[in-house]
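Student: Dumping the structure here so I can ask a few things about it.
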Amino acid sequence: MHLPAIVPWGVADGFSKQMLLVILSVVIIATFFLLAARKQQLVPGKLQFAGEAAYGFVRNSIAKDIIGGKDFIKYVPLLFSLFFFILVNNIYGAIPVIQLPSFSHVGGAYVLAAIVYFTWIGIGVKKNGLKYFKLATVPSGVPVYILPIVIPIEIISNFLVRPVTHSLRLFATMLAGHLIVMIAGSGIEYLVMQENILLKGTSVLVLVGAIAMYMLEALIMALQAYVFTLLTAIYIEGALHADSH
Amino acid sequence: MNQMIISAATEGAEAANPLVPNLWEMGVVLAGFVVLFYIVVKFVVPMFEKTFAERAEAIEGGIAKAEKAQAEASAALEEYKQQLTDARAEANRIREEARAEGAQILADLKEKAAAESARITAQAQTQIESERQAAVVSLRTEVGTLATTLASRIVGESLSDDARAARVVDRFLADLETQNAGVAK
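Residue numbers (my numbering), protein chains in the order written: chain A, 690 to 934; chain B, 2 to 186.
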């Protein structure tokens, strides 16, 4: 699945298109929000309004609603960066010519999931001390004789499976979407090249299906960015309030 | 073209398991995310939060200002109402006072006029009395002279002798007075 590198051309371990797109996404996001936030006015202009709506979505609908309390604002930068970094990198897959969601390469998803993993564990330990690991793995109100079963399940689900699912969910949906679009594209091309006119005509059906899949993929791209960020907020909230769970 | 894609795909599948990451890509994503995170923490979030806070303050400040203005307006209204009531009471009081004062003045004037009229009457009476006395005195002299002259003419006797004349007049007057007294009785 790895595209050939740009520099040096054609070598798999060089500077690839995916890397260029990741860097470009940082430039796009930073430019947009710095421009939108540059001239701050109480009555916003169009650009500022768009920026505020985007910022307010992460701030209020994700950070404030999930984490809540007074200190949700501390985690807004992380959630905001994650959401737009993933969103822009996913949307690449829906843009003609580019058509490469950056997280269809698993490395980026691992990196982000790892950042989130260490962040919520760090928050939990900072908030509750080393007792946090006990709070996170020993649920309160469970009969003692069930604990030997519950504790391993909690350890596995919270500390081992969670980062894996967190990264693979993003990666797999992006890869699948990418593959479907590619397969539909080459399928159409293959059918159009056929001599038989009826067989050639079926390419229209594939085209219709491909457009529907493309719409679905565009939805999933935005949705996965939201899901990834939402799960991050839920993990942070869980770490912050481990003693009340 | 088709062949190329298929061959590329099969080559890719042979070359790499999709779950094995490319370390360089991981590095680029990490570096990109760190740079983005830095920009967001340093600039984007503070800028937006500042505006949000300012806007909230502007709205809350506006509400507070409006409430203050309203309170001031109702206080002013209360004050005006109070002043109006006071003014009405004052006007009533002044009217009552004026009425009382007017009555007082009228009574005073009446009294003064009565006194004055009494005084004038008394004065007139005194004057009349004195004038009457003066008239009586002058009449007495006149009448004496006239009577004497008349009598001397009638009698032909010179009554130039004053003593005698005076005696005659006095006697005459005394007679007259006794007559008058008799008539008066």
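Beta carbons: idealized from backbone N, C-alpha and C, even for Gly.
Note that the coordinates shown come from a computational prediction; the quantities given were computed from them, not determined experimentally.
I need the DSSP call for S705/A, collapsed to helix, strand or coil.
Tutor: In the structure shown, S705/A sits in a strand (DSSP, three-state: E or B).
Student: If you count every other CB in all the chains shown that lies within 10 Å of the CB of N181/B, and 16 or more means buried, which is it?
Tutor: Label assigned to N181/B: exposed.
Student: Just the Cα atoms here: how many angstroms apart are G62/B and A911/A?
Tutor: Approximately 38 Å, taken between the alpha carbons.
Student: Would F738/A count as contacting chain B if we go by Cβ distances under 7 Å?
Tutor: Chain B contact via Cβ: absent.
Student: Please give me, in chain order, every unbroken run of the alpha helix (DSSP H) with length at least 4 that falls completely inside the segment 738-791 of chain A.
Tutor: DSSP runs (the alpha helix (DSSP H)) wholly in the segment 738-791 of chain A: 765-780.
Student: Just checking, does the segment 20-36 of chain B make contact with the segment 758-769 of chain A on the three C-beta pairs under 8 Å criterion?
Tutor: Judged by Cβ distances under 8 Å, the segment 20-36 of chain B makes no contact with the segment 758-769 of chain A, as fewer than three pairs qualify.
Student: Taking the straight line between their C-alpha atoms, what separation do you get for F773/A and I718/A?
Tutor: Their backbone Cα atoms lie some 7 Å apart in a straight line.
Student: Assuming I812/A contacts L929/A (C-beta within less than 8 Å), just tell me the rounded distance between them.
Tutor: Their Cβ separation, rounded to whole angstroms, is 6 Å, which keeps I812/A and L929/A in contact under 8 Å.
Student: Classify E79/B as helix, strand or coil using the three-state DSSP reduction.
Tutor: Three-state DSSP puts E79/B in a helix.
Student: Using a Cβ-Cβ distance cut-off of 7 Å, determine whether I40/B contacts chain A.
Tutor: Answer yes: the Cβ-Cβ gap between I40/B and chain A drops below 7 Å somewhere.
Student: For the alpha helix (DSSP H) holding S933/A, just list the boundary residues, first then last.
Tutor: Counting along the chain, S933/A falls outside any alpha helix (DSSP H), and DSSP gives it neither H nor E.
Student: Could you check if Y744/A is buried or exposed, using at least 16 other CB atoms within 10 Å of its CB as the buried criterion?
Tutor: Buried is the call here.
Student: Between the Cα of F34/B and the Cα atoms of L836/A, L920/A, P785/A and A803/A, which residue gives the shortest distance?
Tutor: It is A803/A.
Student: So L1/B contacts chain A; which residues on that side make the cut at Cβ distance below 9 Å?
Tutor: Nothing about residue 1/B can be read from this structure; chain B reaches only from 2 to 186.
Student: Which residues, in chain order, does the segment 59-76 of chain B contribute to contact with chain A at a C-beta distance below 8 Å?
Tutor: Cβ contacts with chain A: A59.
Student: Counting only C-beta atoms, is Q707/A closer than 7 Å to chain B at any point?
Tutor: It does: the Cβ of Q707/A has a partner Cβ on chain B nearer than 7 Å.
Student: Using CA atoms only, rank isn't needed, just tell me which of L724/A, I751/A and G782/A is closest to L768/A.
Tutor: The option with the nearest alpha carbon to L768/A is I751/A.
Student: Quick check: what's the CA-CA separation for Y806/A versus P852/A?
Tutor: Computed Cα separation, rounded: 6 Å.
Student: So, is P837/A buried or exposed, given that buried needs 16 or more other C-beta atoms within 10 angstroms?
Tutor: Flag for P837/A reads exposed.
Student: Would you mind stating whether P790/A and G782/A have Cβ atoms separated by less than 7 Å?
Tutor: Cβ atoms of P790/A and G782/A: closer than 7 Å.
Student: To the nearest angstrom, how far is the alpha carbon of A54/B from that of F38/B?
Tutor: So the alpha carbons of these two residues sit roughly 22 Å apart.
Student: Run through DSSP, which three-state label would L919/A get?
Tutor: Correct three-state label for L919/A: helix.
Student: What is the DSSP secondary structure of K728/A, counted as helix, strand or coil?
Tutor: The answer is coil: DSSP assigns K728/A none of H, G, I, E or B.
Student: I want to know whether the segment 141-154 of chain B touches the segment 164-175 of chain B - three or more CB-CB distances under 8 Å.
Tutor: These segments touch.
Student: At the 7 Å Cβ level, is N18/B part of the contact set with chain A, yes or no?
Tutor: With 7 Å as the cut-off, N18/B does not count as an interface residue toward chain A.
Student: Whose C-alpha, out of T918/A, L868/A and F746/A, is nearest the C-alpha of S793/A?
Tutor: Nearest of T918/A, L868/A and F746/A to S793/A, Cα basis: L868/A.
Student: What separation, rounded to the nearest whole angstrom, lies between the Cα atoms of V786/A and I40/B?
Tutor: Straight-line Cα distance between these residues: approximately 29 Å.
Student: Please identify the residue among A865/A, P733/A and R748/A whose C-alpha is closest to the C-alpha of N779/A.
Tutor: Out of A865/A, P733/A and R748/A, A865/A has the C-alpha closest to the C-alpha of N779/A.
Student: Cβ atoms of V30/B and F722/A: under 7 Å apart, would you say?
Tutor: Contact flag unset, no.
Student: In three-state DSSP terms, what is M690/A?
Tutor: With a pLDDT of 41 at M690/A, under the threshold of 50, the modelled position of that residue is not reliable, and the figure given next carries that caveat. Coil at M690/A, not helix or strand.
Student: Do you know offhand how far E102/B's Cα is from I95/B's?
Tutor: For E102/B and I95/B, the distance between alpha carbons rounds to 10 Å.
Student: Look at L771/A and T918/A and say whether their C-beta atoms are less than 7 Å apart.
Tutor: Yes; because the gap between Cβ atoms is below 7 Å, this pair is in contact.
Student: 7 Å is my cut-off, CB to CB: does G758/A come that close to chain B?
Tutor: With 7 Å as the cut-off, G758/A does not count as an interface residue toward chain B.
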